[in-house]
Structure formats: C-alpha cells, structure tokens
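As structure tokens, this is what we get:
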C-alpha cells in the first residue's frame, strides 16, 4: 500500500514545482513502464474520465504555477508523465476507486503562522496580521502596540489604570501569537485559543486571566498579587513561575505542566516536572517531561506515547485540517518529535509507518485508516 501514497505525493510535487531530480527520474521510469507499448486491460469509460480530468487541469497548472518554468521544454513531457502515472494509479487502485484522488484539485496544506485578532474593550476588532508595527490603541490606562511580528505588548500609561477593562486575544486554527501583559508576564498562545485579560493590573488584588485552548506563561514575580488562570473548570494560582496549560474544548482533559516555581491547582500543589490532569470527575498529578509540553513554543511537536487520535487533534489545529478516522485506533501510539514546519505529508508518513496505518488527503480533509 505504501507505493500508492508515494505516487500521489510525487504527483503533488510535480504540480507544485517541488520535484527533485531523483524524484523526476522515478516518474520517468514509471512512464517507461506504463506509458510504452504494453497492452493494458482497462475499463475504458473510467479511464477516459480520469484522463479528461488530468488534461483539464494541466493547462491551469502550467499557467498558474511559475515554479514549473524551469522545465520550459518539457511541459509536454510533464503532461505525458502525469497521464502515464494516472494509468499506473488507476491500475494499482482499481479495487478501491474511492481512493483515486490524484486527478482532483489539490489545495496545499501549509503549516501555521503568526496571526491573531485583538478585541478591545469597546468591541473593536484588530486583525494583527494586517496591522503595522507600533501603537494600535489606548485602552483602560494602557497602550497596546504591535512590538514585532507575532507579538503584542501592553504598557501602562500610569498607575491608575482600570483593572476592570479587558481585552481578548484570539488565535484561529493555524495561528499562534505572543503577548506581553502590562505586569511583564509573557504569554505564548497556541492555535485555536483565546486569552481574556485586564489592560491594567493597577489596584487589583490579583492578576486574573481566562484561557481557552493552550497557553504557555512566564509569570512576572509579584508576591503581593497572585497570578490566576481560569481554564476549563480549574484555577491555577501562582506568584511567579513558568507553566503550560492545555484545555481545548474538544479534549476530555485539561493539562497543566510546571517547568519552574510552584503552582496551586484546585488546592493541589504542583512541583517542577509534574503535570496535573483534570477531567470532569478528578484531578491527578504525574511526573512528566515538561520540555515536551512546551516544544510547540520552540517550533516543534513532541509526544510521549500518546494515541494517534490526540496527536492528530494537535496537528489539525496547527495545519487547519479536518481529520477523520476509520477503524480501531486503540494501541496506535507514538513517541517522538518533528518540526511544526514540516510538510504535513511528511508527518503523516512517519505516523502511518510507525503504527501500520494508511491515510488519504482530499483537499483539507485527512482520513486515517487502520
């Protein structure tokens, strides 16, 4: 079955101009095998439909994809190769016609990037991707600015700011952003998450924020004003520490991982290198590899024996894809890591080969099959 997916991947690379010299040789060898004088017993109607789909897409591909211009003399050859491989895949997949996706329109699945929306206290929304660097607004006694690409910064204008004035930072699927709160606390917001926070902590007894999704916090020390994160039915209270909270609505549990300092979760004390797992019915504390929990802040995924279903939820948020499963996924676990900027097919190939799984990609929909 592996050859089927390799073939599709090479066709995708041919279409996007990312085909290497060795891969080009493989395609040409397939053409020799399947595009020569060999007689092939095919269902003519199905084959004609397949080839017509490929032929109809080829002119658009040549016009739109400038990367193909480094083969200016071989456009016809490229067409021949695509048609020949279409025949090859048709034969190879003939019993499973539902998986013949090589002639459909292919939407590139790109990794996530810096991006977010900021909602001010008056309801105004600022799309940060489109905003220039510099001051964006004055709100509740603080000035909010876009400091760098992918970072928002708050500076209190005086010590009489309004702690009741809140802003909300929202990342969509496929986005991440960094935030510097007015007290100096640093927050990294992962994909598909939101953080609601005061624009000023002046006059407040505690520094309280609300998290949905995942955030990594480096809390500025202030012994007189505890920092409290409310998230998915739990409260995490700290004075100054580094920790990660993951509490997505589609996850059955909320995870709090401590790197340094100490935190209190629902009256339980967490030590560095420990992780609190909160479900609807209980709270448990385990020793863990804390660095794995924040690998995403350093551009990597890292998993410690997690099931493929949970892993694909993480991947789907970052690559903004829809994932479905066919078959029993119990026992399909993975331990290891990879870059968050790898091509999604590279990651899927690794996960599939490790767990003896197969997958298909159709548009932005990925199907994992046992």
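In our numbering, the protein residues as written are 563 to 932. In this text, a Cβ means the ideal position worked out from N, Cα and C, and glycines have one as well. It should be emphasised that the depicted structure is a prediction, and the values quoted were computed from it without experimental measurement.
One alpha carbon belongs to residue 900, the other to residue 825, and they sit about 30 Å apart. Beyond the five residues adjoining it in sequence on each side, residue 852 comes within less than 6 Å, by CB distance, of 819, 821, 835 in the same chain, given in chain order. Taken in chain order, the complete alpha helix (DSSP H) segments of 4 residues or longer contained in the region 825-890 are 852-855, 870-881.
Under DSSP, residue 711 forms no beta bridge with any residue.
Under the three-state reduction of DSSP output, residue 909 falls in the helix class.
A residue is called buried once 16 or more other Cβ atoms fall within 10 Å of its Cβ, and residue 729 is buried on that count. Taking the CA atoms as reference points, residue 746 sits about 30 Å from residue 848. Exclusion of the five residues before and after residue 929 leaves 886, 888, 921, 922 as the residues of its chain whose Cβ lies within less than 7 Å of its Cβ. Just so you know, the alpha carbons of residue 833 and residue 925 end up roughly 44 Å apart. In this structure, the straight-line span from the alpha carbon of residue 803 to that of residue 738 is close to 22 Å.
Collapsing the DSSP output to three states places residue 914 in a helix.
Residue pairing of residue 697 in beta bridges, as defined by DSSP: 707. Assigned with DSSP and collapsed to three states, residue 690 falls in helix.
With respect to the 8 Å criterion, residue 895 and residue 868 are classified as neighbours on the basis of their beta carbons. According to DSSP, residue 749 shares a beta bridge with 741, 779.
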